[in-house]
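Asker:
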Amino acid sequence: MSSTQSSTRGVSGTDRKRPGLRKKERRNLRAALLFISPWLVGAVVFTLWPIFYSGYLSFTDYDVINDPEFIGLDNYRRLMEDPKVRSALWNTTFYTVILVPLQILFSLALAMLLNEAGRAAGFFRTAFYLPNMTPPVAVGIMLLLLFNGNNGLINEVLGFFGVNGPNWTTDQDWVKPALIMMSLWSVGSTVIILLAALRNVPAEMYDQAKVDGANFWHRTTRITVPMVSGTIFFLVVVNTIAGFQTFTEAYTAFFGTDYANEGALFYAIYLFQQAFEFLQMGYASALAWLLFVIIMAITAVQFVVSKRLVYYEGEQK
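Residue numbers (this note's numbering): -14 to 302.
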């Protein structure tokens, strides 16, 4: 009888505490929702709603002035037959496939140098990041000045060594290489991220490798790259997405004036032209959703491949 009474008192005591705990939890939940409400409102109004509305517009004929007219899958049939879509996709894919590996290799090399720079690392870290502060429009204009086929600085330097430089800005075969080289100028953010990853690699691993007789190449391929592979994977995904969305520099250099070079017609530029120059917002929405599907598919493949190539500290192999 006594044990029954004590257990009853224990249960009743717990029950008496629960309303207070629940009230505190509700109060904390309301406070949390209040603090994140600006972000929630912004995400719904400026992100989720435009995404879903563009999906609806992709099935309509909409010129911004008149009301949208539902036309079914006509926009998607049109983009499958549009030769400029294929050309823009090719230009964008070529640019991204070449640029992203070069960005990673160049940034990793600079980050490894900075990792050995000692006290001077702070200065060089700032110097490497400064190009990222340059407005993309200025970068596009600078591209025309540096890569001008007649009197550009790049061809002047090549001419000093007896090399006849190409017409970077007028020859369609050389436009994308010029844009790739200009994009390598602003790898500062990638360098900083890789440098932070390198600082987390245990120094004891390098010391042990040196004792075992490993040279620089072996230390780099067997220690450095595997230990920062998670960061490299992140940068590959982010830079690939950014590459497929390249717009400002190429548009400023080749489409901001009456002169247009089809070799620099990237997918985002063609999408912009359809939406804001020709006011074919329905067709532009279909183009945007095609780009979304392509980026999602590429990212999914990257995640699948990463399971075999990326090492995370603490994993059981």
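For each residue, glycine too, the CB sits at the ideal point set by N, CA and C. A quick note: this is a predicted structure, and the numbers were derived from the prediction, not measured.
Return helix, strand or coil for Met(-14), following the three-state DSSP convention.
Answerer: Because the pLDDT of Met(-14) is 47, which lies under 50, any placement of that residue in the model is unreliable, and the question is left without a value.
Asker: In chain order, what residues of the same chain have a beta carbon less than 7 Å from the beta carbon of Ser(-9), not counting five sequence neighbours either side?
Answerer: Confidence at Ser(-9) is low in this model, with a pLDDT of 49, below 50, so its placement is unreliable and no value can be given for it.
Asker: What is the C-beta distance between Leu87 and Leu164, in whole angstroms, given that I count them as a contact (C-beta under 8 Å)?
Answerer: That belief does not hold up - the Cβ atoms of Leu87 and Leu164 are roughly 12 Å apart, past 8 Å.
Asker: For a quick check, are the C-beta atoms of Phe263 and Phe251 less than 8 Å apart?
Answerer: Not in contact: Phe263 and Phe251 (Cβ atoms no closer than 8 Å).
Asker: Quick check: the stretch 53 to 62 against the stretch 263 to 278, are there 3 or more CB pairs under 8 Å?
Answerer: Yes, since at least three Cβ pairs between the stretch 53 to 62 and the stretch 263 to 278 fall closer than 8 Å, the two stretches touch.
Asker: Nearest to Leu179 by alpha carbon, out of Phe288, Leu84, Ala94?
Answerer: Per the Cα distances, Ala94.
Asker: For Thr119, which of helix, strand or coil comes out of DSSP?
Answerer: Coil, per DSSP.
Asker: Could you work out which residue in Glu101, Ile89, Lys161, Asn149 is closest to Ala188 when comparing CA atoms only?
Answerer: Looking at the Cα atoms, Glu101 is the closest of the given residues.
Asker: To the nearest whole angstrom, what separates the beta carbons of Val85 and Asn185, a pair I think is in contact under 8 Å?
Answerer: Not a contact, Cβ separation roughly 23 Å.
Asker: Which residue comes first and which comes last in the alpha helix (DSSP H) that contains Ser43?
Answerer: Element bounds for Ser43: n/a, residue is neither H nor E.
Asker: Please say whether Ser270 and Ser92 have beta carbons closer to each other than 8 Å?
Answerer: No, the Cβ-Cβ distance between Ser92 and Ser270 is not below 8 Å.
Asker: Return yes when the Cβ of Val176 is within less than 8 Å of the Cβ of Ala282, no when it is not.
Answerer: Taking 8 Å as the Cβ cut-off, Ala282 and Val176 do not qualify as a contacting pair.
Asker: Can you name the residues that DSSP bridges to Glu54?
Answerer: Glu54 is bridged to Asp46.
Asker: For Asp156, which of Ala16, Phe201, Phe132 has the nearest alpha-carbon?
Answerer: That would be Phe132, whose Cα lies nearest to the Cα of Asp156.
Asker: Between Thr237, Leu33, Tyr296, which lies nearest to Gly125 when the distance is taken from Cα to Cα?
Answerer: Nearest option by C-alpha distance: Thr237.
Asker: Anyone know if the C-beta pair for Phe239 and Ala249 falls short of 8 Å?
Answerer: Yes, the Cβ-Cβ distance between Phe239 and Ala249 is below 8 Å.
Asker: I need the boundaries of the alpha helix (DSSP H) containing Leu33, first residue and last residue.
Answerer: Leu33 -> no alpha helix (DSSP H), and no H or E assigned at all.
Asker: Mind checking if Tyr80 is an interface residue toward chain C, Cβ cutoff 8 Å exclusive?
Answerer: You won't find chain C in this structure, because it holds only one protein chain.
Asker: Going by beta carbon distance, what residues of the same chain come within less than 8 Å of Thr77, once the five residues before and after it are set aside?
Answerer: Gly228, Phe229, Thr231, Phe251, Tyr252, Ala253.
Asker: On a CA-only basis, which of Ile226, Leu220, Leu183 is nearest Ile208? Give me that one, please.
Answerer: The candidate whose alpha carbon is nearest that of Ile208 is Leu183.
Asker: Around the C-beta of Ala235, are 16 or more other C-beta atoms found within 10 angstroms, so that it is buried, or is it exposed?
Answerer: Its Cβ being crowded by 16 or more others within 10 Å, Ala235 is buried.
Asker: For Ala260, I'd like the list of residues in its chain whose CB is within less than 6 Å of its CB, leaving aside the five on either flank, ordered along the chain.
Answerer: Cβ within range, chain order: Met266, Ala269.
Asker: Between the C-alpha atoms of Leu294 and Thr206, what's the straight-line distance to the nearest angstrom?
Answerer: So the two alpha carbons sit approximately 13 Å from each other.
Asker: Between the beta-carbon of Phe173 and the beta-carbon of Leu128, is there less than 8 Å?
Answerer: Reading off the sequence shown, one finds Gly at residue 173, where the question assumed Phe. Result no, Cβ atoms of Gly173 and Leu128 do not sit closer than 8 Å.
Asker: For a test of the three-state rule: what should DSSP assign to Val278, helix, strand or coil?
Answerer: In the structure shown, Val278 sits in a helix (DSSP, three-state: H, G or I).
Asker: Whole angstroms is fine: what's the gap from Gly147's alpha carbon to Glu141's?
Answerer: Approximately 10 Å between the Cα atoms of the pair.
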